[in-house]
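A.B. asks: Residue numbers (the numbering used here): 28 to 349.
For glycine and all other residues, C-beta sits at the position ideal for the given N, C-alpha and C.
Rendered as C-alpha cells:
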C-alpha cells in the first residue's frame, strides 16, 4: 500500500476494511473466491474506500457501518473492473494478467455479477435508504457511461463534451458516490452533503483525465498496463480529441485515422503528435483546474487530520505517474 499520509490517517479502519473484503469474498463455489481474491489482492490504491473513510471521519462518523460502506464501494469498483477488462479485452492490469486473461471471459463476467450482488447485500446490511439510493443510482450511471463509451469507439467525431459525459459516468460517478454516501451515512446537512458530492465528482474527473494523459506519457512498467491501450481500442480520449481540434491538419488526420482503425501501428507518431499539439498540457491543466475546485469544496469541513488528508489525496491524484 502507498505510504502517503492520507492512508495513515485511517490506517486501522483501512485494515478492518481489508478484513471485511476477505470475509465477504467467501463463496460455496471455489472459483468465485479464487477470482475475487485474485483481483482484490492486486495491489490497487483503493482510493474509493479511502474516500469513504476520510469523508466519514471528517464529518465525525466512524465505526463498523463506515467500514462496511467502504468495503461495499470497493466491491462495486472491483465488479466494474472485471467487466471492463472483458469489454476492453485487456490482458494486463496493475502490472499483472487480468482475470479474463487467466480464467476467460465468462468466469470474469459472472464473478463481476457476484461482486455486484454481494455489494447490494452489504448495502441492505447497512440499512440506510439514502446510501442505497446513492449507490443504486451510481451503478446505473456507471453502466450508462460504459455503454456510451462503447458506442463512441472508433468514432473520430466524438466531442470534448461527450468525452466529459463518458468519464463522469464511468469513473467520476463512483468517486462521487463514495464521498456522497459517506456524507449520507454521517447524516450530514444539505450544504456539507452537496459539497462532498461535488468534491467526489471533481476528483473523479481529474483522476480520469490524468489516466488518459498517462496513456501517452507513461510507460508500461510504471503504469501497470500497456501504454496506448486506449488508442489500440480506438477510444477517442481528450488528448486525441484536442489534437484533432487544435493540431495541424497533418496531426489531426493522423489521429483521426488511428482512432478509426484502432491498433498501435502509429503509436509513436501519435505520441509525438499529442505532445507537440499541446494536448497533454491542456489535459493536465484541466485536471489541475478540477482538483483546485475539488479542494475548495472541502472548506465546508471542520479542520482535522482527515480534511488535510483529503487535500493531500487530491493533490496526489494529479501528481501521480500511475
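Do you know how far the Cα of residue 213 is from the Cα of residue 286?
C.D. replies: Going from the Cα of residue 286 to the Cα of residue 213 covers about 45 Å.
A.B. asks: What do you reckon, are the CB atoms on residue 169 and residue 108 nearer than 8 Å?
C.D. replies: no
A.B. asks: For residue 205, count neighbouring Cβ atoms within 10 angstroms of its own Cβ and tell me buried if that reaches 16, exposed if not.
C.D. replies: buried
A.B. asks: Throw me the rounded Cβ distance for the residue 210 and residue 223 pair, which I believe falls under 8 Å.
C.D. replies: 4 Å
A.B. asks: What residues are listed by DSSP as bridge partners for residue 146?
C.D. replies: Looking at the DSSP assignment, residue 146 forms no beta bridge with any residue, so it has no partner.
A.B. asks: Provide the residue span of the alpha helix (DSSP H) that contains residue 181, from first to last.
C.D. replies: Element bounds for residue 181: n/a, residue is neither H nor E.
A.B. asks: Name the residue from 157, 241 and 232 whose alpha carbon lies nearest to the alpha carbon of residue 347.
C.D. replies: Comparing Cα positions, the closest option is 241.
A.B. asks: Distance, Cα to Cα, residue 266 vs residue 227?
C.D. replies: 23 Å
A.B. asks: Quick one: is residue 58 buried, meaning 16 or more other Cβ sit within 10 Å of its Cβ, or exposed?
C.D. replies: exposed
A.B. asks: Please identify the residue among 180, 185, 217 and 167 whose C-alpha is closest to the C-alpha of residue 197.
C.D. replies: 167
A.B. asks: Examine the Cβ distances between the segment 39 to 56 and the segment 66 to 86 and report whether three or more of them are shorter than 8 Å.
C.D. replies: yes
A.B. asks: What does the Cβ neighbour count give for residue 208, buried or exposed, with the cut at 16 atoms within 10 Å?
C.D. replies: Within a 10 Å sphere around the beta-carbon of residue 208 sit 16 or more other beta-carbons, which makes this residue buried.
A.B. asks: Within a Cβ cutoff of 7 Å, which residues of the same chain sit near residue 183, ignoring the five residues on either side of it in sequence?
C.D. replies: 263, 271, 283, 286 and 287
A.B. asks: Using a threshold of 8 Å, state whether the C-beta atoms of residue 112 and residue 133 are closer than that.
C.D. replies: no
A.B. asks: Quick check on DSSP: helix, strand or coil for residue 119?
C.D. replies: strand
A.B. asks: By how many angstroms is the C-alpha of residue 181 removed from the C-alpha of residue 21?
C.D. replies: The displayed coordinates of the chain run from 28 to 349. Any statement about residue 21 would go beyond what the structure contains.
A.B. asks: Under 8 Å between the Cβ atoms of residue 333 and residue 306?
C.D. replies: Contact flag unset, no.
A.B. asks: Between the alpha carbons of residue 250 and residue 123, how many angstroms are there, rounded?
C.D. replies: Because the pLDDT of residue 250 is 49, which lies under 50, any placement of that residue in the model is unreliable, and the number read from its coordinates should be weighed accordingly. Straight-line Cα distance between these residues: approximately 11 Å.
A.B. asks: Taking 8 Å as the limit between beta carbons, can you name the residues of its chain near residue 94, skipping five residues before and five after?
C.D. replies: These residues qualify, in order along the chain: 40, 43, 44, 47 and 80.
A.B. asks: Over what stretch of residues does the alpha helix (DSSP H) that includes residue 292 continue unbroken?
C.D. replies: Here residue 292 belongs to no alpha helix (DSSP H), and DSSP marks it neither H nor E.
A.B. asks: Rounding to the nearest angstrom, what Cα-Cα distance links residue 301 and residue 339 in this structure?
C.D. replies: 29 Å
A.B. asks: Note the first and the last residue of the continuous alpha helix (DSSP H) segment covering residue 227.
C.D. replies: 217 to 244
A.B. asks: Run through DSSP, which three-state label would residue 124 get?
C.D. replies: Three-state DSSP puts residue 124 in a strand.
A.B. asks: What number of angstroms, rounded off, separates the C-alpha of residue 140 from the C-alpha of residue 102?
C.D. replies: Roughly 10 Å between the two C-alpha positions.
A.B. asks: What distance in whole Å lies between the Cβ atoms of residue 138 and residue 63, which are believed to be in contact at a cut-off of 8 Å?
C.D. replies: 6 Å
A.B. asks: At the level of alpha carbons, what is the spacing between residue 146 and residue 56?
C.D. replies: 17 Å
A.B. asks: Would residue 313 and residue 236 qualify as a contact pair, given that the criterion is a beta-carbon distance under 8 Å?
C.D. replies: yes
A.B. asks: Roughly how many whole angstroms lie between the Cα atoms of residue 90 and residue 291?
C.D. replies: 49 Å
A.B. asks: For residue 365, does the count of other Cβ atoms within 10 angstroms reach 16, so buried, or fall short, so exposed?
C.D. replies: No information on residue 365 is available, as it lies outside the stretch 28 to 349 that the chain covers here.
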